[in-house]
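Let me begin by presenting the structure, written as structure tokens, before commenting on it.
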Amino acid sequence: MSNFIVPYPGEDLLELGKRCGAVYVCPKVGSQRKGPLVVYAGKDAKGRNLVGDIYFNFRRIEVHPKAVEAFAEAAYQKLCDQDLLDSFDTICGIPQGGRTFGQMLALVAGKRFAYADKKPKPTEVGKKQEYSWDLSQFDFEQGERVAIAEDVYNNFQNTDNTLAEIAVTGVNIVLLVGAFNRSPIYDTTYKGLPVIASIREAYLEYEQDDPAVVADIEAGRLELEVKKNWARLCATMEQ
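Structure, rendered in structure tokens:
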């Protein structure tokens, strides 16, 4: 039976994530990769997914509610520190991890909670699956102040679509909050919206024809279904 993970007092959240088995770092010998690259949400000019060496899989944290609570409490503290707690009324979680994280944050922060249903979009073979969001099961007041909750903000390429789909409900989106923001570009704001993350750590990402990754991709060292093949992926770190 798997262990139930509880955060240590004052434990660093990234270390907590590693204890939960949520962090993949491509193994290397010198500069040579010994494991696969991973695909990120976001695409290059040719429509190919961006790739990188590090992946933060919040699904592995979701099974440990006390760990989720630690991430929510960290975000809550940052919201308080920046006087943003009273700027929104409702948290809207984006599945799947953003729903789990957002609901815990709503509990900690004393906010209303809603979530989007996840509907697959037609996706070309060899590309990361994309989704649209359906909020028809929830009622919102016109102008209701909403914070959008995601598990991981990668590069914000999909954020515009998310904001547009949620805005049709008539809400006023005022803030973005997440468990992890790994964007190499957007730190504390995105298009005027405050961005709050429990962990803020930028990771490099590459286009697939970048000299830093092209040889590995040509050699087949690219994982397209990261969460589905998580155990196999992480096993490469132990070889």
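Taking the working numbering, the leading residue of the sequence shown gets 711, the next gets one more, and so forth. Ideal placement from N, C-alpha and C gives every residue a C-beta, glycine not left out. Small disclaimer: the values here were computed from a predicted structure and weren't measured.
The criterion of a C-beta distance shorter than 8 Å is satisfied by residue 716 and residue 776. Minimum Cα-Cα distance from residue 826 among the listed residues 732, 834, 812 and 920 corresponds to 812.
In this structure residue 905 is in contact with residue 891, their Cβ atoms being roughly 6 Å apart against a cut-off of 8 Å.
Non-local C-beta neighbours of residue 748 in its own chain, meaning closer than 7 Å and more than five positions away in sequence, comprise 734, 761, 762, 765, 933 and 936, ordered along the chain. Its Cα nearest to that of residue 843, the residue 878 stands out among 821, 744, 822 and 878. Note on residue 810: 16 or more other CB atoms within 10 angstroms of its CB, so buried under the neighbour-count rule. Counting other Cβ atoms within 10 Å of its Cβ, residue 741 stays below 16 and is therefore classed as exposed. Between the C-alpha atoms of residue 736 and residue 744 there is a straight-line separation of about 7 Å.
If you check the CB distance, residue 739 and residue 798 do not come in under 8 Å. DSSP places residue 764 inside the beta strand (DSSP E), whose first and last residues are 764-766.
DSSP, reduced to helix, strand and coil, places residue 742 within a strand of the structure shown. Secondary structure remark: continuous alpha helix (DSSP H) runs of at least 4 residues inside the stretch 789-819, in chain order: 807-819. The alpha carbon of residue 807 has as its nearest neighbour, out of 774, 818, 719 and 928, the alpha carbon of 774. When secondary structure is reduced to three states using DSSP, residue 879 falls in the coil class, being assigned neither helix nor strand.
Collapsing the DSSP output to three states places residue 757 in coil.
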